[in-house]
Amino acid sequence: MKSAVLVFPGINRERDMARALKLASGHEPKMVWHAETSLPNGTDLVVVPGGFSYGDYLRCGAIAARSPVMDAVRDFAAKGGLVLGVCNGFQILCESGLLPGVLMRNARLKFICRDVHLRVERSDTPFTRGYNAGQVIRVPVAHGEGNYEADEETLERLEGDGRVLYRYCSADGVVAENTNLNGAAHSIAGIVSERGNVLGMMPHPENHVEDIMGCTDGRGLFAGLVAHLERAA
Amino acid sequence: MKARVTVTLKNGILDPQGKAIEGALKSLGVDGVASVRQGKVFDIELAGADKAKAEAALREAADKLLANTVIENYRVEVLG
Numbered sequence: 400m401k402s403a404v405l406v407f408p409g410i411n412r413e414r415d416m417a418r419a420l421k422l423a424s425g426h427e428p429k430m431v432w433h434a435e436t437s438l439p440n441g442t443d444l445v446v447v448p449g450g451f452s453y454g455d456y457l458r459c460g461a462i463a464a465r466s467p468v469m470d471a472v473r474d475f476a477a478k479g480g481l482v483l484g485v486c487n488g489f490q491i492l493c494e495s496g497l498l499p500g501v502l503m504r505n506a507r508l509k510f511i512c513r514d515v516h517l518r519v520e521r522s523d524t525p526f527t528r529g530y531n532a533g534q535v536i537r538v539p540v541a542h543g544e545g546n547y548e549a550d551e552e553t554l555e556r557l558e559g560d561g562r563v564l565y566r567y568c569s570a571d572g573v574v575a576e577n578t579n580l581n582g583a584a585h586s587i588a589g590i591v592s593e594r595g596n597v598l599g600m601m602p603h604p605e606n607h608v609e610d611i612m613g614c615t616d617g618r619g620l621f622a623g624l625v626a627h628l629e630r631a632a
Numbered sequence: 002m003k004a005r006v007t008v009t010l011k012n013g014i015l016d017p018q019g020k021a022i023e024g025a026l027k028s029l030g031v032d033g034v035a036s037v038r039q040g041k042v043f044d045i046e047l048a049g050a051d052k053a054k055a056e057a058a059l060r061e062a063a064d065k066l067l068a069n070t071v072i073e074n075y076r077v078e079v080l081g
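These protein sequence lines are chains A and B, in that order. Per the working numbering, the first sequence starts with residue 400, numbered consecutively. Per the working numbering, the second sequence starts with residue 2, numbered consecutively.
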């Protein structure tokens, strides 16, 4: 799996992401500066990492979403290429129009930095095939604007088409008001694009991939991508 | 030419920051505050003197960057 990790000013999770990708695939990812107008040849996966691109000025992800490299990412996605956006990366993908909806301020206005449980809603996608449908995983979140919102019609379409892949839940997989840490519509933690090749999620699977991190539940996402690409090759 | 773009949240979009400000105003004893919605103001200086062109440029700026039209409305004013 040849991956490209985008780097914007103010991004700070790109090295965590690169480490997780290397661990899963054996290949060192290419770091791609935001001013580039093309992606490295043979890129299988583009990752938009977390952080605070442009200091979250204007709106989270708004300025990064309009940088030159994002045109290349849009072309890549239009051809079916896999794109993963985590945290600020999810915000950037929404702002760039690659995913519907918007990430609003957390409902209780607090920056939330802790482990959360996610329910994997289905396992038949490139981004979830390393898990079983209904499986509960534990991964960290660190965000102030993770409250996913979209209009009713969009939410209905996301649900109807099975495009919600990850949902905030309790340790035993129950989705309830009190497990919805940031107030997101339908407890949404991660969604895919209409074609299913672009995933945006607020939690950080890349931070739970090694024993020293205390948990390795995030590995499945990366292992699933590697398996998907190997099968496709 | 001076201009102003005002960006506000659409009706029905939850505004936690506005709610917090509303609560703070109430606790300060400011009377008669029914609700608060927070928005943004951009004061923009434009080169050139053509008002129609200026308005078009400001609309483009708002559509492309200043507002996220999924959740926000904007208003453009050329102040002269």
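Ideal placement from N, C-alpha and C gives every residue a C-beta, glycine not left out.
Listed by chain order, chain B residues near residue i by CB distance under 8 Å
i: Ala-403(A); result: Correct list: empty, because the minimum Cβ distance to chain B is about 25 Å.
i: Ala-461(A); result: Leu-66 and Asn-69
i: Met-612(A); result: The contacting residues do not exist; Met-612(A) stays about 31 Å from chain B at best.
Contact set for residue i: own chain, Cβ-Cβ below 6 Å, skip 5 residues either direction
i: Ser-424(A); result: Met-400 and Val-625
Identity of the residue in the options nearest residue i by Cα
i: Asn-596(A); options: Pro-525(A), Glu-520(A), Cys-614(A) and Pro-428(A); result: Pro-525(A)
i: Gly-545(A); options: Gly-533(A), Arg-507(A) and Leu-620(A); result: Arg-507(A)
i: Cys-459(A); options: Ala-434(A), Asp-610(A), Tyr-547(A) and Leu-420(A); result: Tyr-547(A)
i: Gly-589(A); options: Asp-470(A), His-607(A), Leu-498(A) and Phe-510(A); result: Leu-498(A)
Residues of its chain near residue i, where Cβ-Cβ distance is below 7 Å and the 5 sequence neighbours each way are ignored
i: Gly-572(A); result: Arg-518, Gly-533 and Val-535
i: Tyr-75(B); result: Val-6, Thr-7, Val-8, Ala-63, Leu-67 and Ala-68
i: Ile-491(A); result: Val-447, Ser-452, Gly-460, Ala-463, Ala-464 and Gly-484
i: Arg-594(A); result: Gly-479
i: Asp-415(A); result: Glu-605 and Asn-606
i: Glu-427(A); result: Lys-421
Interface partners of residue i on chain A, CB under 7 Å
i: Ala-21(B); result: Leu-508
i: Leu-29(B); result: Per Cβ cutoff of 7 Å: no residues; Leu-29(B) is ~18 Å from chain A at best.
Beta carbon of residue i nearer than 8 Å to that of residue j
i: Glu-61(B); j: Val-8(B); result: no
Sequence-distant residues of its chain with Cβ nearer than 8 Å to residue i (five each side left out)
i: Tyr-456(A); result: Ile-462
i: Gly-19(B); result: Leu-10, Ser-36, Val-37, Arg-38 and Gln-39
i: Val-472(A); result: Leu-405, Leu-438, Val-445, Val-447, Val-482, Ser-495 and Leu-497
Residues that residue i contacts on chain B, provided the C-beta gap is smaller than 9 Å
i: Arg-618(A); result: Simply none; closest approach about 34 Å.
i: Glu-494(A); result: Asn-69
Chain-ordered chain A contacts of residue i [CB-CB under 8 Å]
i: Leu-26(B); result: Within chain A, no residue comes near Leu-26(B); the closest Cβ sits about 16 Å away, beyond 8 Å.
Span of the alpha helix (DSSP H) around residue i
i: Lys-421(A); result: 413 to 424
i: Ile-491(A); result: 487 to 494
i: Phe-43(B); result: Here Phe-43(B) belongs to no alpha helix (DSSP H); instead the beta strand (DSSP E) covers 40 to 46.
i: Lys-27(B); result: 17 to 28
i: His-433(A); result: Note, His-433(A): premise wrong, no alpha helix (DSSP H); not H, not E.
Start-to-end residues for the beta strand (DSSP E) that takes in residue i
i: Ser-359(A); result: Residue 359(A) lies beyond the stretch modelled for chain A, which goes from 400 to 632, so this question has no answer here.
i: Asp-514(A); result: 511 to 519
i: Thr-524(A); result: Premise fails: Thr-524(A) is in no beta strand (DSSP E) and is neither H nor E.
i: Met-2(B); result: It is not in any beta strand (DSSP E) - Met-2(B) carries neither H nor E in the DSSP assignment.
i: Gly-599(A); result: 597 to 600
Under 7 Å by beta carbon: chain B residues contacting residue i
i: Gly-545(A); result: Result: empty, since nearest Cβ-Cβ is about 12 Å, beyond 7 Å.
Under 9 Å from the C-beta of residue i: neighbouring residues of chain A
i: Leu-59(B); result: Neighbours of Leu-59(B) on chain A: none; closest Cβ ~16 Å, over 9 Å.
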